[in-house]
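A.B. asks: Take a look at this one; I'll ask things after.
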Amino acid sequence: MTRIDSRPRGPALAIALLALAACAPSAGSDEPPPQQRGALPAVGAAGREDFPATDSTLSLLEAHGARCAWVELDAVSGRRRDLSTFAGGCRGGRIALAADGMRGAVWFDPAARSSTLVGQGAFPEAEAPAGSGPRLFAVELATGAAAAVPLPAGTRDLGFDSRGRMIALTVQELTAAETDKGQALVDGKAVKLEPAAEGVPVLVHAFVFDGGADGGWQRLETANSTDGWDLALGVLALRAAQDLAFRSAEVLAKHVQGDDENDQALLAKLAGFAPQAHPVPNESGWIRFGAGATRFVLWEASGEFAYATGLAAFVDAGGNPVKPPAWPYTENDVLSYVWNGPYLLAAEDFVGSHPRLYRDGRLVWSSDAARAVTFWPRRPRTRRAGGGIGSPPRVGGVVASPAGDA
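Count the sequence shown with our numbering and you get residues 153 to 558, in order.
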């Protein structure tokens with residue numbers, strides 16, 4: 153049975169500039185650097201290199217003292233480009249890129265966490281510090297300039313639409329009086345509410361950032377939706393939600409597209425490898441998620457939806473399951489798994505922390521400090537089945553100048 157990824161789930165601001173010094177990658181590689189191909193990369197005024205992205209190039213957030221840096225890093229060669237830095241830590245950070253690859257947004261929600269199933273995961277995280285709140289920065293990738301932008305209340309998702317506009321998707325909770333009355337006021341106008349068969353009725357809104365008055369956000373769309381239950385659409389009820397380019401939180405989904413493992417010899421060995429895992433037909437079980445000659449299986453836990461867990465193994469030439477090197481995760485952790493060419497990237501779902509990058513079953517790179525880690529998006533945007541949006545093209549040919557500091 154094939155498992156399909158389902159997702160129920162003012163005036164212009166002044167911009168300050170900061171030059172970042174190049175620094176070494178946060179972890180090593182067990183592979184030699186690839187041979188140089190073509191001309192050497194261009195070097196900008198601040199020494200920030202722009203380089204052609206490869207299958208092992210990552211986008212990530214990395215703490216620099218009391219600041220957070222957005223970094224483009226090739227995990228194999230060690231090449232890196234510090235794109236911009238932002239005031240505050242990296243906790244809850246997520247990244248959005250416009251389809252032209254020239255503009256981005258980085259926003260931080262300190263309350264955001266990865267998922268776990270039953271029990272404690274490998275990396276429990278403390279509550280967000282008191283008084284910490286969301287922060288949003290708009291970034292020009294060519295210069296690294298970053299501007300702090302006010303974030304609309306109730307923001308659940310944020311990205312760039314096909315016209316290159318920054319869009320925020322928000323949820324408005326309704327009062328008991330509004331629900332009883334069957335309508336709510338939005339910008340002084342009554343909006344009729346639709347009753348919810350299940351969950352909590354809410355209004356969802358799409359705002360477009362224009363940099364003008366009223367905080368720079370203008371309402372683009374409003375719709376009825378529900379929240380608080382497994383099948384709630386939330387902001388996905390908005391048309392604008394179907395027209396957003398690359399967002400790290402979308403890529404870091406907790407589902408995979410793979411087939412149920414049906415090799416009986418391997419299943420017998422997996423029973424010994426992980427005796428705590430008990431398959432339930434059409435629900436929980438082992439899923440094939442290999443690429444090319446690399447065989448990889450993971451334990452998928454199912455309830456209303458399927459969740460990719462941290463119980464996983466490579467399969468060696470003899471058909472034996474082998475725990476991935478330097479693997480800290482268990483069946484309690486919910487992970488995102490993504491292949492890019494021969495590279496497998498695993499990280500905590502949604503927040504993209506504690507990443508592990510593998511090739512041919514060998515550990516290439518890992519970090520217990522980076523966040524929002526995804527492969528650097530290089531491919532043209534394409535609409536996937538189910539309404540999702542693929543990755544924008546890679547930023548290319550940009551000679552970098554000083555990085556922004558907002």
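Where is the CB? At the ideal position from N, CA and C, for every residue including glycine.
Remember, it's a predicted structure, so these values are computed and weren't measured experimentally.
With DSSP as the reference, please indicate the residues paired to R219 in a beta bridge.
C.D. replies: As a working mapping, residue 219 is identified with position 67 in the sequence shown. DSSP output for R219 lists H216 and A239 as bridge partner(s).
A.B. asks: Please report the straight-line C-alpha distance between E346 and G306, rounded to a whole angstrom.
C.D. replies: Counting from 1 along the sequence shown, the entry for residue 346 is found at position 194. Counting from 1 along the sequence shown, the entry for residue 306 is found at position 154. Approximately 20 Å, taken between the alpha carbons.
A.B. asks: In terms of residues, what are the limits of the alpha helix (DSSP H) holding L419?
C.D. replies: Taking the first residue of the sequence shown as position 1, residue 419 is located at position 267. It spans Q416 to F425 - the alpha helix (DSSP H) in which L419 sits, taken as one unbroken run.
A.B. asks: Of all the options A215, R371 and F260, which has the alpha carbon lying nearest to the alpha carbon of G340?
C.D. replies: Along the sequence shown, one-based indexing puts residue 340 at 188. G340 has its Cα closest to that of R371, out of A215, R371 and F260.
A.B. asks: How is G368 classed by DSSP in three states: helix, strand or coil?
C.D. replies: For the purposes of this step, residue 368 is taken as the residue at position 216 of the sequence shown. Of the three classes helix, strand and coil, the one that applies to G368 here is helix, per DSSP.
A.B. asks: Grouping DSSP H, G and I as helix and E and B as strand, with all else coil, what is Q394?
C.D. replies: If you number the sequence shown from 1, residue 394 lands on position 242. Looking at Q394 - three-state DSSP - the assignment turns out to be helix.
A.B. asks: Thinking just about the alpha-carbon of each residue, which of R440, L235 and R287 is nearest to the one in T295?
C.D. replies: If you number the sequence shown from 1, residue 295 lands on position 143. If we check each option's Cα against that of T295, L235 comes out closest.
A.B. asks: So what does DSSP say about L383, is it helix, strand or coil?
C.D. replies: The residue labelled residue 383 in the question sits at position 231 within the sequence shown. Three-state DSSP puts L383 in coil, outside helix and strand.
A.B. asks: The alpha helix (DSSP H) spanning S400 covers which residue range?
C.D. replies: What you label residue 400 is simply residue 248 of the sequence shown in a count that begins at 1. Bounds of the alpha helix (DSSP H) holding S400 are S400 to V403.
A.B. asks: Exposed or buried, V432, counting other C-beta atoms within 10 Å across all chains shown (16 or more means buried)?
C.D. replies: As a working mapping, residue 432 is identified with position 280 in the sequence shown. Using a 10 angstroms sphere on the CB of V432, the tally of other CB atoms stays under 16, which defines it as exposed.
A.B. asks: Between the alpha carbons of I319 and E279, how many angstroms are there, rounded?
C.D. replies: The residue labelled residue 319 in the question sits at position 167 within the sequence shown. The residue labelled residue 279 in the question sits at position 127 within the sequence shown. The alpha-carbon atoms of I319 and E279 are separated by roughly 28 Å.
A.B. asks: The beta strand (DSSP E) with T526 in it runs from where to where?
C.D. replies: For the purposes of this step, residue 526 is identified with residue 374 of the sequence shown, where counting begins at 1. Counting along the chain, the beta strand (DSSP E) containing T526 begins and ends at R523 to F527.
A.B. asks: By alpha-carbon positions, which one of H216, A218, R231 and N472 ends up nearest to D202?
C.D. replies: In the sequence shown, the residue the question calls residue 202 occupies position 50. In terms of Cα proximity to D202, the closest of H216, A218, R231 and N472 is R231.
A.B. asks: Between V486, P281, G386 and F441, which has its C-alpha nearest Q272's C-alpha?
C.D. replies: Along the sequence shown, one-based indexing puts residue 272 at 120. Of V486, P281, G386 and F441, the residue nearest in Cα terms is V486.
A.B. asks: Could you give the distance in angstroms between the alpha-carbon of G471 and the alpha-carbon of L418?
C.D. replies: For the purposes of this step, residue 471 is taken as the residue at position 319 of the sequence shown. For the purposes of this step, residue 418 is taken as the residue at position 266 of the sequence shown. Near 6 Å, if we compare the C-alpha coordinates of L418 and G471.
A.B. asks: Could you check if V465 is buried or exposed, using at least 16 other CB atoms within 10 Å of its CB as the buried criterion?
C.D. replies: Taking the first residue of the sequence shown as position 1, residue 465 is located at position 313. For the record, residue 465 in the displayed sequence is Ala; it is not Val. Flag for A465 reads buried.
A.B. asks: By a C-beta neighbour count over all protein chains shown, 10 Å radius and 16 as the cutoff for buried, is A328 buried or exposed?
C.D. replies: Taking the first residue of the sequence shown as position 1, residue 328 is located at position 176. The residue is exposed, with fewer than 16 neighbouring Cβ atoms inside 10 Å.
A.B. asks: R508 and P473 look like a contact to me (Cβ under 8 Å); what is the Cβ gap, rounded to whole Å?
C.D. replies: Position 356 of the sequence shown holds residue 508. Position 321 of the sequence shown holds residue 473. 17 Å between Cβ atoms; not a contact.
A.B. asks: Between which two residues does the beta strand (DSSP E) carrying A299 extend?
C.D. replies: One-based indexing of the sequence shown puts residue 299 at position 147. From DSSP, the beta strand (DSSP E) with A299 extends over A298 to V301.
A.B. asks: Please list the terminal residues of the continuous beta strand (DSSP E) segment that includes E330.
C.D. replies: Numbered from its first residue, the sequence shown carries residue 330 at position 178. Here E330 belongs to no beta strand (DSSP E); instead the alpha helix (DSSP H) covers A328 to K333.
A.B. asks: Please name the residue, chosen from A298, P262 and S266, that lies closest to A282 on a Cα-to-Cα basis.
C.D. replies: The residue you call residue 282 lines up with position 130 of the sequence shown. For the residues A298, P262 and S266, the minimum Cα distance to A282 belongs to P262.
A.B. asks: Look at G256 and A248 and say whether their C-beta atoms are less than 8 Å apart.
C.D. replies: Residue mapping note: residue 256 aligns to position 104 of the sequence shown, counting from 1. Residue mapping note: residue 248 aligns to position 96 of the sequence shown, counting from 1. Yes.
A.B. asks: According to the Cβ coordinates, are R511 and Y489 closer than 8 Å?
C.D. replies: Here residue 511 refers to the residue found at position 359 when the sequence shown is read from its first residue. Here residue 489 refers to the residue found at position 337 when the sequence shown is read from its first residue. Taking C-beta atoms as the reference points, R511 and Y489 fail to come closer than 8 Å.
A.B. asks: Which first and last residues belong to the beta strand (DSSP E) in which L487 is found?
C.D. replies: Taking the first residue of the sequence shown as position 1, residue 487 is located at position 335. Per DSSP, L487 belongs to the beta strand (DSSP E) from L487 to N492.
A.B. asks: How big is the Cα-Cα spacing for A221 and P529?
C.D. replies: On the sequence shown, residue 221 is found 69 positions in, with the first residue counted as 1. On the sequence shown, residue 529 is found 377 positions in, with the first residue counted as 1. For A221 and P529, the distance between alpha carbons rounds to 18 Å.
A.B. asks: Do T378 and G410 have their CB atoms nearer than 8 Å?
C.D. replies: Here residue 378 corresponds to residue number 226 of the sequence shown, with the count starting at 1. Here residue 410 corresponds to residue number 258 of the sequence shown, with the count starting at 1. Not a contact, by the Cβ cut-off of 8 Å.
A.B. asks: Check the Cβ-Cβ distances between A375 and every residue of chain D, and say whether any is below 8 Å.
C.D. replies: In summary, chain D is missing from the structure at hand, where a single protein chain is found.
A.B. asks: Kindly indicate which residue of D501, R523 and R447 has the alpha-carbon position closest to the one of G513.
C.D. replies: Within the sequence shown, residue 513 is the residue found at index 361, counting from 1. Checked all of D501, R523 and R447; the closest Cα to G513 is R447.
A.B. asks: Quick one: what does DSSP say A342 is sitting in, helix, strand or coil?
C.D. replies: For the purposes of this step, residue 342 is taken as residue 190 along the sequence shown, with counting starting at 1. In this structure, A342 counts as strand in the three-state DSSP scheme.
A.B. asks: If you follow the beta strand (DSSP E) that Y495 is part of, which residue opens it and which one closes it?
C.D. replies: Position 343 of the sequence shown, counted from the start, is the residue given in the question as residue 495. From DSSP, the beta strand (DSSP E) with Y495 extends over Y495 to E500.
A.B. asks: Please identify the residue among E224, A218, A239 and R308 whose C-alpha is closest to the C-alpha of E402.
C.D. replies: Indexing the sequence shown from 1 puts residue 402 at position 250. Comparing Cα-Cα distances from E402 to each of E224, A218, A239 and R308, the minimum goes to R308.
A.B. asks: Name the residue from E456, N414 and K406 whose alpha carbon lies nearest to the alpha carbon of E500.
C.D. replies: Counting from 1 along the sequence shown, the entry for residue 500 is found at position 348. It is K406.
A.B. asks: Within a Cβ cutoff of 6 Å, which residues of the same chain sit near P286, ignoring the five residues on either side of it in sequence?
C.D. replies: Reading the sequence shown from its first residue, position 134 is the one you call residue 286. Only D261 and L303 meet the Cβ criterion.
A.B. asks: How far does the beta strand (DSSP E) with L249 in it extend, from its first residue to its last?
C.D. replies: What you label residue 249 is simply residue 97 of the sequence shown in a count that begins at 1. Element bounds for L249: G245 to L249.
A.B. asks: Report the rounded CA-to-CA distance for G424 versus W451, giving the unit in angstroms.
C.D. replies: For the purposes of this step, residue 424 is taken as residue 272 along the sequence shown, with counting starting at 1. For the purposes of this step, residue 451 is taken as residue 299 along the sequence shown, with counting starting at 1. Distance between the alpha carbons of G424 and W451: 14 Å.
A.B. asks: Taking C-alpha atoms, which residue in A469, A426, A375 and F398 lies nearest to A524?
C.D. replies: Your numbering for residue 524 matches position 372 in the sequence shown. Here the closest residue by C-alpha is F398.
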